[in-house]
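Numbering (UniProt numbering), first residue to last: 1 to 439.
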Ligand SMILES: Cc1ncc(COP(=O)(O)O)c(C=O)c1O
């Protein structure tokens, strides 16, 4: 294979059958589409190249910077492609949560601008989110950026409608699979592949996977973020199911240890979600069927993530005091307090108010007198034991009250007698018109 440019090596990734002895499905052949074998390391190589290619010559002539709202694989692919064409690349994102990716982007020469917003997924309806505001600015005429706009750009989905989907059909000897199971971030890959498969055979069923409510799986939406944004159209999916971060890692470990696939967490989530969805259907089947899931990227960037969720996989002691060990019943029973009651409590009981958000969000607006311990650091602290004396009442606050509920449940289990979660989080506090201060 000889190429004039590395971009010519994008696409034509292998489709590999998973050994039935591993997944246990008796009537379904399960295949992994190995998108991590794209040259820049992920399925985003296709979208990045398809989106940026038409604008490269003009951007070079005008001395523009390639810019994208991405904290992961799209940024990585664009940084490499921009460098290849002598252009600067800037990644704009709300808080980069995977430090290995941030370091890699810096090494690739990218400029990184971290904003004080909440979610990784763009929400244009949230006009307070700086990411949304930045996105709007980029759309104004006169911007000196080549903005690839992955959440809205139809060329994102088109890359998969023309490449990934038809490749799957060709590798299945001209047939579409019966099921296509995939994780949903911008929705470009799922939308594009689904359209190609359904054009070939309308009966294909499409299963979209997202992170469980407050679970962070790098690169994809959570159930809370399943809203119609940009390319994301709920009608593309026959069903959308949640996968927990621990389940994603469990699926990833099977791909790593039993299948020879160096998959990252979303590949693990896709495998786990596929087998969970297909198992009950398999029992009813008498004829052979086919299912395909996507392995989006590789594992190496996520070792810190694995260390946090399943430290024992990396030879460290299992995390006893970890939110990952909570049951749903424990989380439901977490002590919480609404905004008005919290204000009264702060006025009279003087709890220590701990804000678990990122430092930028905290700096922008926070409850007066609160301390900022970002969730990752809080997680570390709690692992070592109760971080506060039992005699100090504690009010925990996070963006929407989900994370704080988990930590309130955990600290309660660890023996703290008076820890409460701010119901609805800082958003509810703000919406109730309660005072917030700025650094
Ligand atoms: C690791 C990972 N997996 C899956 C996806 C989902 O891809 P899409 O944006 O096409 O929905 C992404 C998207 O960023 C990703 O980074």
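All C-beta atoms in this analysis are idealised placements derived from N, C-alpha and C, irrespective of residue type, glycine included.
Residue i Cβ short of 7 Å to ligand 1 heavy atom set
i	result
residue 43	yes
residue 73	yes
residue 188	yes
residue 164	no
residue 266	yes
residue 219	yes
residue 185	yes
residue 297	yes
Closest Cα partner of residue i within the set the options
i	options	result
residue 296	265, 303 and 140	265
residue 20	279, 378, 436 and 336	279
residue 153	13, 50, 376 and 411	50
residue 392	256, 419, 211 and 15	419
residue 357	396, 388, 335 and 272	396
residue 109	76, 436, 220 and 46	76
residue 209	31, 275 and 326	275
residue 31	259, 81 and 244	259
residue 36	28, 198, 73 and 24	73
residue 6	78, 34, 221 and 54	78
residue 45	28, 17 and 82	82
residue 428	226, 100 and 367	367
residue 203	179, 187 and 433	179
residue 335	287, 43, 404 and 347	404
residue 410	238, 189, 383 and 245	383
residue 133	92, 43 and 351	92
residue 12	290, 28, 38 and 87	38
residue 301	40, 27 and 10	40
residue 273	244, 263 and 284	244
residue 375	369, 399 and 365	399
residue 341	111, 18 and 434	434
residue 64	142, 212, 216 and 22	142
residue 88	68, 102, 103 and 101	68
residue 10	42, 151 and 238	42
residue 230	188, 18, 249 and 312	188
residue 135	238, 261 and 70	70
Return the chain-ordered ranges of every beta strand (DSSP E) run that is complete within the region 34 to 91 and spans a minimum of 3 residues.
If only uninterrupted beta strand (DSSP E) runs of at least 3 residues are considered, those enclosed by the region 34 to 91 are 65 to 68.
In chain order, what are the residue ranges of uninterrupted beta strand (DSSP E) at least 3 long that sit wholly in the region 225 to 270?
239 to 243
Please list the segments of the beta strand (DSSP E) lying wholly inside the region 181 to 218, counting only runs of 3 or more residues, in order along the chain.
205 to 211
Assess contact between the region 413 to 430 and the region 375 to 395, defined as three or more Cβ pairs (one per stretch) separated by less than 8 Å. Is contact present?
yes
Report yes or no: do three or more beta-carbon pairs, one from the region 53 to 62 and one from the region 283 to 299, lie closer than 8 Å?
no
Are the region 91 to 109 and the region 168 to 178 touching, with three or more C-beta to C-beta distances below 8 Å?
Segments in contact, no.
If we require 4 or more residues per run, which alpha helix (DSSP H) segments fall completely within the region 290 to 375?
303 to 309, 328 to 332, 339 to 348 and 359 to 364
Curious, which full-length alpha helix (DSSP H) runs of at least 4 residues does the region 389 to 428 contain?
List check, alpha helix (DSSP H) in window: 402 to 413.
Is the number of C-beta pairs between the region 370 to 389 and the region 324 to 338 that are closer than 8 Å three or more?
Flag = no, the region 370 to 389 and the region 324 to 338 do not touch.
Cβ contact check for the region 241 to 261 and the region 299 to 314: 3 or more pairs under 8 Å
yes
Looking at C-beta atoms only, is the number of pairs between the region 193 to 201 and the region 149 to 165 that lie closer than 8 Å three or more?
yes
Do the region 143 to 151 and the region 219 to 228 meet, that is, are 3 or more Cβ pairs less than 8 Å apart?
no
Fully enclosed by the region 139 to 183, which beta strand (DSSP E) runs are 3 residues long or longer?
Those beta strand (DSSP E) runs which fall completely within the region 139 to 183 and span 3+ residues are 145 to 147 and 179 to 183.
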